[in-house]
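> Residues 1 to 127, numbered by the numbering used here, are exactly what the sequence shown covers, in order.
Here a beta-carbon is modelled for each residue, glycine too, at the ideal position from N, C-alpha and C.
All figures in this text were calculated on a predicted structure; none of them were measured in a lab.
I'd like to ask you about the structure that follows.
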Amino acid sequence: MPLSEHEQRLFEQIERSLAEDPKFASAVRATDPRFHAKRRMIAAGILLLAGMALLVYGVAISIPLLGVGGFLVMLCALAFGVQAYRRGQTTDLHAVGGTASRRTRQRRGGLVDRLEERWRRRPEGDL
């Protein structure tokens, strides 16, 4: 059902006042998972470069343990970055200033769930 003209004007006025409020904008940004995911992906990129530098430096001065450490840092940074990217893609809704959230993504059925469902639907005389 569309809004009346009066309701639309009120809605636009509220929208303008909220857009001008820096405290509200920072509160919304603080609960936005995409904001945190972007920061974490940048940190993962920096860690990836640091791990690469450690790997190259360890190989250059012939200290294999340092090279292995650099590789492990790269691997952890990559895993951290992928996790941050996935969290940034979710559509979780968070309450501003609160902890309530609602997931909108449906749970996917795995192999075990499908096998259990087949087991429940089997004919009873096939044992």
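State the CB to CB distance for the pair M74 and M52, rounded to an integer number of angstroms; the pair is presumed to be in contact (CB under 8 Å).
6 Å
> Kindly list the residues whose CB is nearer than 7 Å to the CB of Y57, restricted to its own chain and excluding five residues on each side of it in sequence; keep chain order.
L66
> Drop a sphere of 10 angstroms on the beta-carbon of A60, count the other beta-carbons inside from all chains shown, and report buried for 16 or more, exposed for fewer.
exposed
> Which residue's Cα is closest to the Cα of A50: V112, P64 and G70?
G70
> Nearest to A44 by alpha carbon, out of L115, Q83, Q89 and R16?
Q83
> Taking buried to mean at least 16 other C-beta atoms within 10 Å of its own C-beta, is A77 buried or exposed?
buried
> Less than 8 Å between C-beta atoms, sequence neighbours within five positions excluded: which residues of the same chain meet that for P64?
G58
> Alpha carbon to alpha carbon, how far is W119 from T90? Give it in angstroms, no decimals.
33 Å
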